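Undergrad:
Chains as they are written, first to last, in my numbering: chain A, 9 to 185; chain B, 84 to 645.
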């Protein structure tokens, strides 16, 4: 198909009117309220429910909430999570929980921030938080280990504390939990 | 050797009287009796067996096809009806001529109720569903919500039936009864009493299968607790089977505990290599690491059990010091290079100057190829006997998995090990110049480092380093059975195949692969480059195999006359 090119009128061929029209738009924005944010000096407010980087949390009694059930590792679509279970001896420091991860790694280069790990977690131990800008100078640095994930995750106020309640119940009944 | 091969698991039984019943409207003829799992005597067929024959699943916890019936979990409750009888003791007929069925007012446990002629079993009625929901709710009353830390999660019957018949929330407002956790029951078992649903499978297994009456239930009612006899450890050689048959996570294996979640494990059908019984197993592996062995049902060999000794004998496969490099002397080289050099050396070898010692832990195919080499050089060959204490259940006194394979292929002498002194003498007087060793440390079997030093060529293939591999002129790293395919002939002549679970380490290659190349280079004979072809060729050439094919071996194997 051949589209016939319209001939420009004299007014259009003058060129200057178009320049003036363009400058009008520029000037309007020049004097109106600015919408560009001066990132990174200026940071935006992350809305609630935002899916940022997944981190591990501790409860108010400083217990690592993760029990190494590996459901997040299983559900993770890009296979970004790698958990090393504690092995036959369990985790003596975990008390009646018996299990805690020996190592917990999230490859932030692989993570797609889908939030499945948070959704599947039966222990409320992993949350997608507000960090959206993760940087590093090499690939290894972008694999976050357990210490890093826990320090970034902070404390989660657990209202139920089911393991503590279980231990208390057992103690009341005269059983070593 | 008489020639006969059968594919049946059991010897042909005499014709058994059958009775016709209906399961969920599906008519099926079932045998009137089935063998008792312990004594083997015929006992009336139960409803659960009939449902299994009709391929209808009836949920159950305490019932196990290989154990005596206890009937305590009540999960298998079903409704049923029998033909109605009139006052004249004749069946009452419907107007359409079919027998009228009188539905029983009460349900019955399918595991312990015998079937009768004309019986109808209903497993999908609303009442049956309600009963299952009720039983499950009772079982869950004191069961802890431990799933995230429970090793059974993923293969737990309680989880599975909770999905099918469970409630989303608990109606139980009282406190759960707490019981001891992490109870050290024996050297290989940790018991979590809270999770136990008191099905007594482990008790029946220990008492009736192993004959070690070590377990029992103490206390009453809600406080029922599984326990070992006071002061007695639960330490027989079959304890880990109780972990398999435990429908929940109460009995856990100290070895596998907290190591890996079961849903990650790739399951590969294989055969245990720890003794001549050759129990059928499933290898659980993830990311080229083996985590556990579990027994696999094979009525011709191991029923559904295996011994703890065999089950825990897998760790050497994961060892860090595995042989991974092809070597000539101490120098690393390539497979093509080493196989060419060996072929050149062997081409010059004189008849009778070669000796072969092959392990009876090698696969039959590999021994068959070695026998071809031996024939070419008129070589003196043997294997090394390996014995230990056996028991009456599964563990054999012969600790080689393939002694019969070594005998059938002609590698092992009739009295295994009898040729070893002759080989030693041959090396000493200089008549034997080349020794080919597969999977054995000769320094432990009468051919010391001094004798090995006298040889012109010492060709060694092994999996783990030892004194012989150190002395090797040519070192060929081999594979564990989990890293290749092949077959074993067990102590009773059962030929079983096993499949590959994980990749070989480093440069290591399955022995049959490079032996195939070597035999081709040395003898000029064409062979098969696939394990299927190789097995079928072997089965044709060795009369005892009677031409059985790789495909015919199936999962449970074939018995041959040995």
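The beta carbon of each residue, even a glycine, is placed where N, CA and C say it ideally should be.
This structure is a prediction, so every number in the text was calculated from the model and none was measured.
1. List, from N- to C-terminal side, the beta strand (DSSP E) runs of 3 residues or more that fit wholly inside the segment 493–545 of chain B.
2. Tell me the DSSP bridge mates of residue 580 of chain B?
3. By the DSSP assignment, the alpha helix (DSSP H) with residue 324 of chain B in it spans what residues?
4. Across which residues does DSSP place residue 298 of chain B in a beta bridge pair?
5. The alpha helix (DSSP H) that contains residue 163 of chain B, what's its start and end?
6. At the level of alpha carbons, what is the spacing between residue 91 of chain A and residue 398 of chain B?
7. Under 8 Å, Cβ to Cβ, is there at least one residue of chain B near residue 107 of chain A?
8. Assuming residue 34 of chain A is part of the alpha helix (DSSP H), what are its boundary residues?
9. Rounded to a whole number of angstroms, what is the C-alpha to C-alpha distance between residue 556 of chain B and residue 631 of chain B?
10. Kindly indicate if chain C contains any beta-carbon less than 8 Å away from that of residue 399 of chain B.
11. Checking 8 Å against the spacing of the C-beta atoms, do residue 184 of chain B and residue 165 of chain B come in under that value?
12. How close, in whole Å, do the beta carbons of residue 544 of chain B and residue 522 of chain B come, if the pair is a contact with beta carbons under 8 Å?
13. Name, please, each residue of chain B whose Cβ falls closer than 8 Å to the Cβ of residue 88 of chain A.
14. According to the neighbour-count rule (16 or more other Cβ atoms, all chains shown, within 10 Å of its Cβ), is residue 68 of chain A buried or exposed?
15. Of all Cβ atoms in chain B, is any one closer than 8 Å to the Cβ of residue 61 of chain A?
16. For residue 87 of chain B, count the other beta carbons within 10 Å of its own beta carbon; 16 or more makes it buried, fewer makes it exposed. Which is it?
17. Have a look at residue 386 of chain B and residue 76 of chain A and give me their C-alpha separation to the nearest angstrom.
18. Following the continuous beta strand (DSSP E) through residue 434 of chain B, name the residue where it begins and the one where it ends.
19. To be precise: take each residue of the segment 238–270 of chain B, compare its Cβ to all Cβ atoms of chain A, and keep it if any distance is under 9 Å. Which residues remain?
20. Sorted by chain position, which residues of the same chain lie with C-beta nearer than 6 Å to residue 576 of chain B's C-beta, five sequence neighbours on each side aside?
21. I need the DSSP call for residue 143 of chain B, collapsed to helix, strand or coil.
22. By the criterion of Cβ-Cβ separation under 7 Å, what are the contact partners of residue 75 of chain A in chain B?
23. Taking all protein chains shown into account, decide if residue 90 of chain B is buried (16 or more other Cβ within 10 angstroms of its Cβ) or exposed.
24. Would you check if the segment 536–552 of chain B and the segment 456–476 of chain B touch, i.e. whether three or more CB-CB distances between them fall below 8 Å?
25. Is the shortest distance between the beta-carbon of residue 652 of chain B and the beta-carbons of chain A less than 8 Å?
26. Using the beta-carbon of each residue, which ones in chain B are nearer than 9 Å to residue 177 of chain A?
27. Hey, which unbroken runs of the alpha helix (DSSP H) at 4 residues or more fall wholly within the segment 98–138 of chain A?
28. From the DSSP output, which residues share a beta bridge with residue 110 of chain B?
29. Taking Cβ-Cβ distances shorter than 7 Å, what residues in chain A pair up with residue 423 of chain B?
30. Below 7 Å CB to CB, which residues in the same chain sit around residue 141 of chain B once its five sequence neighbours on both sides are set aside?
31. Restricting to runs no shorter than 4 residues, where is the alpha helix (DSSP H) found entirely within the segment 320–378 of chain B?
32. Name the residue from B:137, B:336, B:565 and B:119 whose alpha carbon lies nearest to the alpha carbon of residue 369 of chain B.
33. If you measure from the beta carbon of residue 391 of chain B to each beta carbon in chain A, is any gap under 8 Å?
34. Strictly under 8 Å for the Cβ-Cβ distance: is residue 103 of chain A near chain B by that measure?
35. Strictly below 8 Å CB to CB, what residues from chain B border residue 82 of chain A?
TA: According to the structure data:
1. You should have 517–521 and 540–545.
2. In the second chain, counting from the first residue as 1, residue 580 of chain B sits at position 497. Its beta-bridge partners are B:570.
3. As a first step, residue 324 of chain B must be located in the second chain, where it is residue number 241. Taken as a continuous stretch (DSSP letters only), the alpha helix (DSSP H) holding residue 324 of chain B covers 323–328.
4. Numbered from 1 along the second chain, position 215 holds the residue referred to as residue 298 of chain B. Note: residue 298 of chain B sits in a beta bridge opposite B:311.
5. For the purposes of this step, residue 163 of chain B is taken as residue 80 along the second chain, with counting starting at 1. Residue range 160–166 is occupied by the beta strand (DSSP E) that includes residue 163 of chain B, with no alpha helix (DSSP H) assigned at that position.
6. As a first step, residue 91 of chain A is located in the first chain; it is residue number 83 there, counting from the start. As a first step, residue 398 of chain B is located in the second chain; it is residue number 315 there, counting from the start. Inter-residue distance for residue 91 of chain A and residue 398 of chain B is about 21 Å (C-alpha atoms, whole angstroms).
7. In the first chain, counting from the first residue as 1, residue 107 of chain A sits at position 99. Chain B, which has a Cβ nearer than 8 Å to the Cβ of residue 107 of chain A, makes this yes.
8. Locating residue 34 of chain A in the first chain gives position 26, counting from the first residue. Annotation: the continuous alpha helix (DSSP H) that includes residue 34 of chain A extends over 24–39.
9. Here residue 556 of chain B refers to the residue found at position 473 when the second chain is read from its first residue. Here residue 631 of chain B refers to the residue found at position 548 when the second chain is read from its first residue. Cα to Cα, residue 556 of chain B sits roughly 38 Å from residue 631 of chain B.
10. No chain C appears in the structure shown, which is made up of the protein chains A and B.
11. Here residue 184 of chain B is taken as the residue at index 101 of the second chain, counted from 1. Here residue 165 of chain B is taken as the residue at index 82 of the second chain, counted from 1. Taking a C-beta distance under 8 Å as the contact criterion, residue 184 of chain B and residue 165 of chain B qualify as a contact pair.
12. The sequence position of residue 544 of chain B within the second chain is 461, counting from 1. The sequence position of residue 522 of chain B within the second chain is 439, counting from 1. The beta-carbon distance between residue 544 of chain B and residue 522 of chain B, rounded to whole angstroms, is 7 Å. This is short enough to meet the 8 Å contact definition.
13. Here residue 88 of chain A is taken as the residue at index 80 of the first chain, counted from 1. Contact note: residue 88 of chain A does not reach chain B at a C-beta cutoff of 8 Å; the least C-beta distance is about 15 Å.
14. On the first chain, position 60 is the one that residue 68 of chain A refers to. The residue in question, residue 68 of chain A, is exposed, as its Cβ has fewer than 16 Cβ neighbours within 10 Å.
15. On the first chain, residue 61 of chain A is found 53 positions in, with the first residue counted as 1. Not a single CB atom of chain B sits nearer than 8 Å to the CB of residue 61 of chain A.
16. Locating residue 87 of chain B in the second chain gives position 4, counting from the first residue. Bear in mind that a pLDDT of 44 at residue 87 of chain B, under 50, signals an unreliable position, so the number given afterwards is only what the model happens to contain. With fewer than 16 other Cβ atoms within 10 Å, it is exposed.
17. As a working note, residue 386 of chain B is residue 303 in the second chain. As a working note, residue 76 of chain A is residue 68 in the first chain. Here the alpha carbon of residue 386 of chain B sits roughly 35 Å from the alpha carbon of residue 76 of chain A.
18. Taking the second chain and counting its residues from 1, one reaches residue 434 of chain B at position 351. Taken as a continuous stretch (DSSP letters only), residue 434 of chain B belongs to no beta strand (DSSP E), as it is neither H nor E.
19. Result list: 258, 259, 260, 261, 262, 263, 264 and 265.
20. The residue you call residue 576 of chain B lines up with position 493 of the second chain. Spatial neighbours of residue 576 of chain B in its own chain (CB-CB distance under 6 Å, excluding positions within 5 residues in sequence) are listed in chain order as 642, 643 and 645.
21. Along the second chain, read from residue 1 onward, the residue named residue 143 of chain B stands at position 60. Of the three classes helix, strand and coil, the one that applies to residue 143 of chain B here is coil, per DSSP.
22. Counted from its first residue, the first chain places residue 75 of chain A at position 67. Chain B residues near residue 75 of chain A: 231 and 232.
23. On the second chain, position 7 is the one that residue 90 of chain B refers to. Model confidence at residue 90 of chain B stands at a pLDDT of 46, short of 50, so the residue's coordinates are unreliable; what they give is reported in the following sentence. Per the 10 Å Cβ criterion, exposed.
24. No, because fewer than three Cβ pairs between the segment 456–476 of chain B and the segment 536–552 of chain B fall closer than 8 Å, the two stretches do not touch.
25. Residue numbering for chain B in the displayed model covers 84 to 645; residue 652 of chain B lies beyond these limits and cannot be assessed.
26. As a working note, residue 177 of chain A is residue 169 in the first chain. Result: 258, 259 and 261.
27. Whole alpha helix (DSSP H) segments, 4+ residues: 124–128.
28. Counting from 1 along the second chain, the entry for residue 110 of chain B is found at position 27. B:105, per the DSSP bridge assignment.
29. Within the second chain, residue 423 of chain B is the residue found at index 340, counting from 1. Contact note: residue 423 of chain B does not reach chain A at a C-beta cutoff of 7 Å; the least C-beta distance is about 41 Å.
30. Here the question's residue 141 of chain B lines up with position 58 in the second chain. Within the same chain, 131, 134, 159, 161, 193 and 206 come within 7 Å of residue 141 of chain B by CB-CB distance, once the 5 residues on both sides are set aside.
31. Runs of the alpha helix (DSSP H) inside the segment 320–378 of chain B: 323–328.
32. Along the second chain, read from residue 1 onward, the residue named residue 369 of chain B stands at position 286. The candidate whose alpha carbon is nearest that of residue 369 of chain B is B:565.
33. Along the second chain, read from residue 1 onward, the residue named residue 391 of chain B stands at position 308. For residue 391 of chain B, the closest Cβ of chain A is not nearer than 8 Å.
34. Along the first chain, one-based indexing puts residue 103 of chain A at 95. Between residue 103 of chain A and chain B, the shortest Cβ-Cβ separation is not below 8 Å.
35. Position 74 of the first chain, counted from the first residue, corresponds to residue 82 of chain A. For a Cβ distance threshold of 8 Å, residue set 344, 346 and 347 of chain B lies close to residue 82 of chain A, ordered along the chain.
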